[in-house]
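Here the structure is laid out as structure tokens; the discussion comes afterwards.
Protein chains: 2
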Amino acid sequence: MDAEQLRENAHKMVDFIADYYKNIETFPVLSQVEPGYLQKLLPDSAPMQPESLQAVLQEVESAILPGVTHWQSPDYFAYFPSNSSVAGFLGEMLSAGINMVGFSWITSPAATELEMIVLDWLANLLNLPQHFLSKGPGGGAIQGTASEALLVVLLASRDKVLRQVGKDALRRLVVYGSDQTHSSLQKACQIAGVHPENLRLLRTERCNEYALSPESLTDAISHDVASGLIPLFLCATVGTTSSTAVDPLLALGKITKRYGIWFHVDAAYAGSACICPEYRHHLNGIEEADSFNMNCHKWFLTNFDCSALWIKDRNALIQSLSTNPEYLKNKASQGSTVIDYKDWQIPLGRRFRSLKLWMVLRLYGVENLQSYIRNHIKLAQHFEHLVAQDSRFEIVATRTFSLVCFRLLPSNKTEEYVNKLNHDLLDAVNSSGKIFISHTVLSGKYILRFVVGAPLTEERHVIAAWKLFQEAASSLLENS
Amino acid sequence: MDAEQLRENAHKMVDFIADYYKNIETFPVLSQVEPGYLQKLLPDSAPMQPESLQAVLQEVESAILPGVTHWQSPDYFAYFPSNSSVAGFLGEMLSAGINMVGFSWITSPAATELEMIVLDWLANLLNLPQHFLSKGPGGGAIQGTASEALLVVLLASRDKVLRQVGKDALRRLVVYGSDQTHSSLQKACQIAGVHPENLRLLRTERCNEYALSPESLTDAISHDVASGLIPLFLCATVGTTSSTAVDPLLALGKITKRYGIWFHVDAAYAGSACICPEYRHHLNGIEEADSFNMNCHKWFLTNFDCSALWIKDRNALIQSLSTNPEYLKNKASQGSTVIDYKDWQIPLGRRFRSLKLWMVLRLYGVENLQSYIRNHIKLAQHFEHLVAQDSRFEIVATRTFSLVCFRLLPSNKTEEYVNKLNHDLLDAVNSSGKIFISHTVLSGKYILRFVVGAPLTEERHVIAAWKLFQEAASSLLENS
Numbered sequence: 046m047d048a049e050q051l052r053e054n055a056h057k058m059v060d061f062i063a064d065y066y067k068n069i070e071t072f073p074v075l076s077q078v079e080p081g082y083l084q085k086l087l088p089d090s091a092p093m094q095p096e097s098l099q100a101v102l103q104e105v106e107s108a109i110l111p112g113v114t115h116w117q118s119p120d121y122f123a124y125f126p127s128n129s130s131v132a133g134f135l136g137e138m139l140s141a142g143i144n145m146v147g148f149s150w151i152t153s154p155a156a157t158e159l160e161m162i163v164l165d166w167l168a169n170l171l172n173l174p175q176h177f178l179s180k181g182p183g184g185g186a187i188q189g190t191a192s193e194a195l196l197v198v199l200l201a202s203r204d205k206v207l208r209q210v211g212k213d214a215l216r217r218l219v220v221y222g223s224d225q226t227h228s229s230l231q232k233a234c235q236i237a238g239v240h241p242e243n244l245r246l247l248r249t250e251r252c253n254e255y256a257l258s259p260e261s262l263t264d265a266i267s268h269d270v271a272s273g274l275i276p277l278f279l280c281a282t283v284g285t286t287s288s289t290a291v292d293p294l295l296a297l298g299k300i301t302k303r304y305g306i307w308f309h310v311d312a313a314y315a316g317s318a319c320i321c322p323e324y325r326h327h328l329n330g331i332e333e334a335d336s337f338n339m340n341c342h343k344w345f346l347t348n349f350d351c352s353a354l355w356i357k358d359r360n361a362l363i364q365s366l367s368t369n370p371e372y373l374k375n376k377a378s379q380g381s382t383v384i385d386y387k388d389w390q391i392p393l394g395r396r397f398r399s400l401k402l403w404m405v406l407r408l409y410g411v412e413n414l415q416s417y418i419r420n421h422i423k424l425a426q427h428f429e430h431l432v433a434q435d436s437r438f439e440i441v442a443t444r445t446f447s448l449v450c451f452r453l454l455p456s457n458k459t460e461e462y463v464n465k466l467n468h469d470l471l472d473a474v475n476s477s478g479k480i481f482i483s484h485t486v487l488s489g490k491y492i493l494r495f496v497v498g499a500p501l502t503e504e505r506h507v508i509a510a511w512k513l514f515q516e517a518a519s520s521l522l523e524n525s
Numbered sequence: 046m047d048a049e050q051l052r053e054n055a056h057k058m059v060d061f062i063a064d065y066y067k068n069i070e071t072f073p074v075l076s077q078v079e080p081g082y083l084q085k086l087l088p089d090s091a092p093m094q095p096e097s098l099q100a101v102l103q104e105v106e107s108a109i110l111p112g113v114t115h116w117q118s119p120d121y122f123a124y125f126p127s128n129s130s131v132a133g134f135l136g137e138m139l140s141a142g143i144n145m146v147g148f149s150w151i152t153s154p155a156a157t158e159l160e161m162i163v164l165d166w167l168a169n170l171l172n173l174p175q176h177f178l179s180k181g182p183g184g185g186a187i188q189g190t191a192s193e194a195l196l197v198v199l200l201a202s203r204d205k206v207l208r209q210v211g212k213d214a215l216r217r218l219v220v221y222g223s224d225q226t227h228s229s230l231q232k233a234c235q236i237a238g239v240h241p242e243n244l245r246l247l248r249t250e251r252c253n254e255y256a257l258s259p260e261s262l263t264d265a266i267s268h269d270v271a272s273g274l275i276p277l278f279l280c281a282t283v284g285t286t287s288s289t290a291v292d293p294l295l296a297l298g299k300i301t302k303r304y305g306i307w308f309h310v311d312a313a314y315a316g317s318a319c320i321c322p323e324y325r326h327h328l329n330g331i332e333e334a335d336s337f338n339m340n341c342h343k344w345f346l347t348n349f350d351c352s353a354l355w356i357k358d359r360n361a362l363i364q365s366l367s368t369n370p371e372y373l374k375n376k377a378s379q380g381s382t383v384i385d386y387k388d389w390q391i392p393l394g395r396r397f398r399s400l401k402l403w404m405v406l407r408l409y410g411v412e413n414l415q416s417y418i419r420n421h422i423k424l425a426q427h428f429e430h431l432v433a434q435d436s437r438f439e440i441v442a443t444r445t446f447s448l449v450c451f452r453l454l455p456s457n458k459t460e461e462y463v464n465k466l467n468h469d470l471l472d473a474v475n476s477s478g479k480i481f482i483s484h485t486v487l488s489g490k491y492i493l494r495f496v497v498g499a500p501l502t503e504e505r506h507v508i509a510a511w512k513l514f515q516e517a518a519s520s521l522l523e524n525s
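For the protein sequence lines, the chains are D and E, in the order given.
Count along the first sequence from 1, add 45, and you get the number used in our numbering.
Count along the second sequence from 1, add 45, and you get the number used in our numbering.
What follows is the structure in structure tokens.
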């Protein structure tokens with residue numbers, strides 16, 4: 046690590062990456078390689094002697110980039126977005142440059158304190174309740190992903206209850222969500238040892254826009270209590286993965302209060318939209334929550350990974366996740382005047398991730414971030430409008446944010462036929478390399494998901510994408 | 046995200062970071078700020094309007110860097126190292142530039158396949174058994190940290206046994222390690238729901254160099270079996286945190302085989318040294334292990350985080366950690382011709398971390414990496430030699446790699462006094478800002494840990510550090 050070598054080579058890398066963005070529209074969005082392609086291109090062992098950066102960058106171009114699915118392409122509309130931005134990228138660079146490991150306050154006080162400050166800033170932007178701010182008994186921490194955020198609060202709730210009723214009650218703990226809750230809830234339960242038969246993924250209905258109904262929650266809880274089980278945890282979602290459904294937080298929160306259930310709110314994708322006053326109402330009821338999560342790495346211009354978690358009672362988390370080995374003891378930690386984030390998360394080590402979020406907030410400013418969100422939602426509205434005008438297609442769920450759920454729906458065909466047709470339509474557009482979208486299934490219907498959220502996406506990309514759907518649909522319908 | 050804006054600003058950031066490395070010796074190694082310092086320097090809320098990169102970088106200099114503990118300083122000798130390098134940094138840049146989320150093969154085939162390939166390369170460098178290679182039923186995956194690596198294999202072992210004996214046997218599962226095993230084992234047990242009274246941290250002795258004795262393991266297992274408990278998991282360590290002790294893998298492994306216990310080997314720090322043939326013998330017996338882990342982000346020039354985990358039977362991991370929601374289904378995954386690393390780890394999303402490891406291997410080459418390790422060990426030997434020459438000091442544990450454990454030992458003083466004296470010595474050198482070291486306690490003795498491992502450390506830094514110890518010791522002894 047020589048400063049001048051770093052300077053020289055990193056300047057070359059900057060140009061390589063800037064050129065990548067300049068040419069990003071020339072790549073197939075979804076990589077078109079076959080499984081095992083890379084093994085054929087690379088040697089079987091690491092080189093004994095050093096190679097040049099030029100040789101490596103040439104191989105990135107010839108061997109790696111063909112195998113990349115370009116999440117930053119303006120024609121990327123799959124899953125949920127994973128934003129890169131100039132500010133987010135610069136923050137990553139700085140974090141990698143400093144390369145410290147911030148498990149305890151002392152290992153870099155700035156890392157812990159900047160994280161507390163920017164999560165307070167973001168909590169205020171989202172108008173979160175005061176009990177999530179760092180000055181009280183709660184606070185925020187950056188987790189790698191929403192899966193980790195959900196796991197750590199599930200563990201905190203599990204251990205809080207088991208301390209009261211004894212460890213052997215694990216088998217009686219019940220966790221609630223809906224059939225639209227992200228699969229990370231199931232995974233967190235697997236890890237935490239919650240018995241699979243005690244995970245209630247309550248059925249949602251189209252008539253409720255696939256939101257969790259408070260009645261079904263009450264029914265399930267009452268039934269479980271009557272059976273001698275212990276209701277532990279509810280995960281509600283603001284913006285579900287399949288259709289961006291919004292669970293009714295206030296009503297659900299009241300129920301959890303009545304039964305002493307930990308109430309977690311997952312707004313991994315849609316949380317970002319709630320910095321705009323006109324979307325904030327989707328978080329109404331958040332004051333009932335014990336914990337709340339949104340992914341800044343999805344739709345908030347902060348490079349992956351950066352998942353913001355707030356918790357009302359940080360002690361619950363710390364009691365669950367702390368260890369205190371001799372070799373990590375230090376005056377600041379022993380004095381309890383500081384936060385050691387190692388006790389808020391699964392891993393011990395952690396990167397300086399608050400830098401990138403801080404840089405996004407400062408280099409863009411709140412008003413630009415709001416415009417950014419509004420622009421994507423406007424583009425999604427435009428796409429929705431285009432779909433609605435073509436009578437061969439159906440909009441399947443109400444668009445709330447920047448996801449449009451739709452399908453091709455020829456008349457007088459079986460559901461099975463229609464599902465197959467839409468599956469083929471997805472394959473057709475994705476294998477063209479021109480766009481990348483993903484799918485879901487709602488009420489037995491195979492549905493195409495079109496999410497606007499890549500920073501480079503403009504109206505022309507949305508219009509071109511729609512034309513591609515129309516053409517592929519025409520071709521499929523003609524051939525069938 | 047505009048390519049030209051990225052180019053312009055990222056070039057500025059390169060210069061900022063290169064200058065940071067140029068001046069890194071001018072900072073106090075251990076940050077000298079007081080808790081809460083940053084809150085006083087930063088505003089209470091995020092700005093509404095954008096600010097300039099220049100303003101942000103000025104604040105990094107004035108507010109952030111004083112709160113950074115400089116892990117890349119050549120005068121950093123604390124904990125274990127966390128290497129940054131030109132190649133590792135370039136890999137981080139490229140990964141942040143592409144910014145894809147590689148949970149499934151399809152989301153960027155290159156990310157999955159490059160990871161498989163470089164972990165095969167590294168496994169071969171370490172001469173790991175064939176069953177850890179990707180071509181068989183095992184394979185490697187990059188985890189964030191050794192804590193996560195340990196957790197996922199503990200979960201795999203837990204679920205494998207519980208599938209056989211029933212979920213309610215959780216309370217009967219016993220996990221083994223030594224009193225020198227890293228605290229991440231305790232944390233993993235907490236998370237996995239292993240009962241705390243069933244975690245056996247077997248006592249080690251100085252006469253065994255703090256290595257786990259096979260006899261004490263056999264005794265503990267026999268006792269547990271006789272009590273109707275189920276021996277589940279052993280974590281052995283190559284290079285413990287306190288003193289880099291090496292547990293006898295072969296003998297321990299044979300015992301685990303006899304009882305059907307999952308055998309995990311944690312070589313988070315010392316694994317890197319084993320790419321040198323003269324240190325490889327520390328891994329003898331690794332062929333008995335079910336899983337093995339080393340941290341490329343410690344002493345292998347790969348920026349944090351990058352923890353390599355190999356596993357003999359990947360299905361055990363996948364059965365424990367997989368979920369299969371509709372919205373992530375795709376042809377490649379359904380066809381089972383690919384690996385989806387989401388099922389090998391706690392989070393769903395994952396960064397393109399193999400890029401930086403690949404670049405480290407290619408831009409430095411194996412021979413340079415071996416020289417790098419040997420040079421640090423030579424410097425540690427030199428430091429050990431200096432300590433040994435000063436009769437006021439004692440070397441407390443045999444140096445095996447690049448850690449020297451020592452203490453100031455005036456004659457005719459109580460252990461309590463000596464411990465306090467060494468605590469004061471640590472405070473004195475750390476608060477000087479000139480070096481940063483950490484401590485441990487072994488057999489009741491407070492011990493100073495001096496680890497050589499920062500890429501910029503040269504002989505002159507080690508010599509200057511030793512002078513600082515001598516001066517601080519003289520001053521403490523005079524005043525006492």
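Ideal Cβ positions, reconstructed from N, Cα and C, are used throughout, including at glycine.
Contacts with chain D (Cβ-Cβ distance below 8 angstroms) from the region 347–360 of chain E involve N348, F349, D350, listed in chain order. Shown here, W116 of chain D sits in coil according to DSSP, grouped into three states, outside any helix or strand.
The DSSP-derived three-state label of T71 of chain D is helix. With fewer than 16 other beta carbons inside 10 angstroms of its own, N68 of chain E counts as exposed. Contact check between the region 250–265 of chain D and the region 188–202 of chain D: fewer than three CB pairs, one atom from each, fall below 8 angstroms, which does not count as touching. Here A425 of chain E really is in contact with R444 of chain E; their C-beta atoms are around 6 angstroms apart, less than 8 angstroms. With contact defined as three or more Cβ pairs closer than 8 angstroms, the region 176–186 of chain E and the region 153–162 of chain E are in contact.
Contact between L448 of chain D and V496 of chain D is confirmed by a C-beta separation of about 5 angstroms, below the 8 angstroms threshold.
The way I'd put it, the region 220–228 of chain E does touch the region 277–297 of chain E; three or more beta-carbon pairs between them come closer than 8 angstroms.
Using a C-beta cut-off of 8 angstroms, the region 142–149 of chain E makes no contact with the region 170–180 of chain D, since fewer than three inter-stretch Cβ pairs fall below that distance. Between the beta-carbon of N340 of chain E and that of Y314 of chain E there is about 7 angstroms, and that keeps the pair under the 8 angstroms contact cut. Within the same chain, Cβ atoms closer than 6 angstroms to the Cβ of H421 of chain D are found at S447, V497, G498, the five residues on either side in sequence being excluded.
Spatial neighbours of E104 of chain D in its own chain (CB-CB distance under 7 angstroms, excluding positions within 5 residues in sequence) are not present. Between the beta-carbon of E70 of chain E and that of P119 of chain E there is about 7 angstroms, and that keeps the pair under the 8 angstroms contact cut. By DSSP's assignment, L218 of chain E forms a beta bridge with E:I275.
Inclusion of I482 of chain E and F122 of chain E in the CB contact set at 7 angstroms is warranted, their separation being smaller than that value. Contact annotation: the region 295–310 of chain D touches the region 325–335 of chain D, with at least three C-beta pairs closer than 8 angstroms. Taking a cut-off of 8 angstroms on C-beta distances, the region 377–389 of chain E touches the region 147–154 of chain E, as three or more cross pairs fall below it. Nearest in C-alpha terms to R325 of chain D, of all of D:L346, D:L173, D:S127, is D:L173.
Taking 7 angstroms as the upper bound on Cβ-Cβ separation, chain D lies near residues T382, V383, I391, P392, L393 of the region 380–393 of chain E.
Taking the Cβ atoms as the reference, V474 of chain E lies roughly 6 angstroms from F514 of chain E, within the contact range of under 8 angstroms.
Under the Cβ distance rule, W116 of chain D counts among the residues neighbouring chain E, one pair being separated by less than 7 angstroms. Contacts between N413 of chain D and chain E, judged by CB atoms closer than 7 angstroms, involve P95 in chain order. Straight-line measurement puts the Cα of S520 of chain D at about 45 angstroms from the Cα of L402 of chain D. Contact note: I151 of chain E reaches chain D through L75, S76, T114, using a C-beta cutoff of 9 angstroms and chain order. With respect to M138 of chain D, M58 of chain E sits close: the two C-beta atoms are nearer than 7 angstroms.
The C-beta of E137 of chain D comes closer than 7 angstroms to at least one C-beta of chain E. From the beta-carbon of K490 of chain E, no residue of chain D is found nearer than 7 angstroms; the closest lies around 11 angstroms away.
Taking a C-beta distance under 7 angstroms as the contact criterion, T190 of chain E and D350 of chain E qualify as a contact pair. Judged by DSSP secondary structure, D388 of chain E falls outside any alpha helix (DSSP H); it is assigned neither H nor E. Shown here for R248 of chain D: same chain residues with a beta carbon closer than 8 angstroms to its own, the five before and five after excluded, namely S223, D224, S261 in chain order. With the criterion set as a beta carbon lying under 7 angstroms from some beta carbon of chain D, the members of the region 55–71 of chain E are A55, H56, M58, V59, D60, I62, A63, Y65, Y66, K67, in sequence order.
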